[in-house]
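Chains as they are written, first to last, in full-length UniProt numbering: chain A, 1 to 151; chain B, 1 to 151. For reference, the structure discussed in these notes is given below.
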């Protein structure tokens, strides 16, 4: 049924299955986390992530390049996201000293409040949709497997 | 530094780490797979996935609802994607008999050719960015872990 390939490009169906399992697992988990955040807090998952990373950072601020790397967005994707979050008053933009073109995103008070309201929902989701599926040993193993894919 | 929570909403830093590891791993792998497909074949990853699922399906066609479920897109997201792929001539839309509002997406010849060209690139990426990081036993275990998150 599918397309035929040269020998050197073959991978086994079992090997291809890991990518499809990964895609589906990520899709399912992120879709459920996002649905809860949007329903209860009108907060898309990527917005939640930006607020959470800022709240954990020194001075509640991060350079745009650091933030882009943390939330796995392209610079242009992050820039659009940040513009919308500034418009809603959740974060602010402040210039970087001695770097005319650089700036930080910094958590604003409404953003801090919104994050505080939403964090329980997010953590409950991570528990329900991920952590509850594993015992402690499995969870450590799964995390270690995932971290092998980070570079 | 971070926000404080009520006791019942706490999850441990180790537990939260699995979600962040998952997010970063998925981001890294999909970003690398997409970069190769776009550079060598001008084919975004989601387009590749649509072509691959159609090529494997009976008659090279799928109902829109089946396809949306397979590629983890919302109906509106898939609809926009399919419109662009039809415009490029890679797939076609055909009506479902006895269902005035339903239709199939079906693989068109230029789409079949484009998929054939791109499949080696995709498989090499899955090997390099995922499979090569594990031995056979680990790969089976990792796949099984991922499949626990599917529902």
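Built from N, CA and C at the ideal position, the CB exists for glycine as well.
Assigned secondary structure, residue 63/A (DSSP; H/G/I helix, E/B strand, else coil)
Strand at residue 63/A.
Tell me the rounded alpha-carbon separation between residue 106/B and residue 119/B. So the two alpha carbons sit approximately 18 angstroms from each other.
key: Uninterrupted beta strand (DSSP E) stretches inside the UniProt domain "HTH marR-type" (15 to 151) of chain B (no shorter than 3 residues)   = If only uninterrupted beta strand (DSSP E) runs of at least 3 residues are considered, those enclosed by the UniProt domain "HTH marR-type" (15 to 151) of chain B are 61 to 63, 91 to 96 and 99 to 107.
Touch check for the segment 129 to 144 of chain B and the segment 13 to 25 of chain A: three-plus C-beta pairs under 8 angstroms? The segment 129 to 144 of chain B, when compared against the segment 13 to 25 of chain A, does touch it at the 8 angstroms Cβ threshold.
When you compare the CB positions of residue 102/A and residue 70/A, do they come within less than 9 angstroms of one another, or not?
At least 9 angstroms separates the beta-carbon of residue 102/A from that of residue 70/A.
**Asked** How many whole angstroms separate the CB atoms of residue 115/B and residue 51/B, which I take to be in contact at a CB cut-off of 8 angstroms?
**Response** The pair is a contact, with the Cβ atoms about 4 angstroms apart (cut-off 8 angstroms).
For the candidate residues 139/A, 148/A and 123/A, whose alpha-carbon lies nearest to that of residue 135/B?
Taking only the C-alpha atoms, the option nearest residue 135/B is 148/A.
What is the rounded straight-line gap between the Cα of residue 8/A and the Cα of residue 122/B? For residue 8/A, the pLDDT reaches just 49, beneath the cut-off of 50, and the residue's location in the model is therefore unreliable, leaving the point undetermined.
query: Under 9 angstroms between C-beta atoms, does residue 18/A make it to chain B?
result: It does; some Cβ of chain B falls within 9 angstroms.
Q. So residue 26/A and residue 26/B are in contact, right, with Cβ under 8 angstroms, and what is the actual spacing, rounded?
A. Confirmed, Cβ separation roughly 4 angstroms.
Within chain B, partners of residue 130/A - CB distance below 8 angstroms: Ordered by position in chain B, the residues that pass the 8 angstroms Cβ test against residue 130/A are 18, 19, 22 and 149.
Check your understanding: Cα separation between residue 92/B and residue 60/B?
Key -> Distance between the alpha carbons of residue 92/B and residue 60/B: 11 angstroms.
*Does the beta carbon of residue 91/A sit closer than 9 angstroms to a beta carbon anywhere in chain B?*
Not flagged as an interface residue toward chain B: residue 91/A, since no C-beta distance is shorter than 9 angstroms.
Query raised in the report: Mind checking residue 96/B: buried by the 16 CB within 10 Å criterion, or exposed?
Result: Exposed, since its Cβ has fewer than 16 Cβ neighbours within 10 Å.
Q) Going by the CB atoms, is the gap between residue 14/A and residue 46/B shorter than 9 angstroms? A) At the C-beta level, residue 46/B and residue 14/A stay beyond 9 angstroms of one another.
key: residue 72/A at chain B interface by Cβ criterion, 9 angstroms   = Output row for residue 72/A: interface = yes.
Check whether the Cβ of residue 11/B lies closer than 9 angstroms to any Cβ atom in chain A. In terms of beta-carbon proximity, residue 11/B lines the interface with chain A, with at least one pair separated by less than 9 angstroms.
Discussion item. At the 9 angstroms Cβ level, is residue 65/A part of the contact set with chain B, yes or no?
Written reply: Residue contact check for residue 65/A against chain B: no CB pair falls below 9 angstroms.
Legend entry - CB of residue 111/A within 9 angstroms of CB of residue 54/A, strictly: In contact: residue 111/A and residue 54/A (Cβ atoms closer than 9 angstroms).
Open item on the list: Taking the straight line between their C-alpha atoms, what separation do you get for residue 28/A and residue 143/B?
Closed with: Distance between the alpha carbons of residue 28/A and residue 143/B is about 15 angstroms.
- Task: Using only alpha-carbon positions, find the residue among 44/A, 22/A and 24/A that is nearest to residue 84/A.
- Result: Of the residues 44/A, 22/A and 24/A, the one whose Cα lies closest to the Cα of residue 84/A is 44/A.
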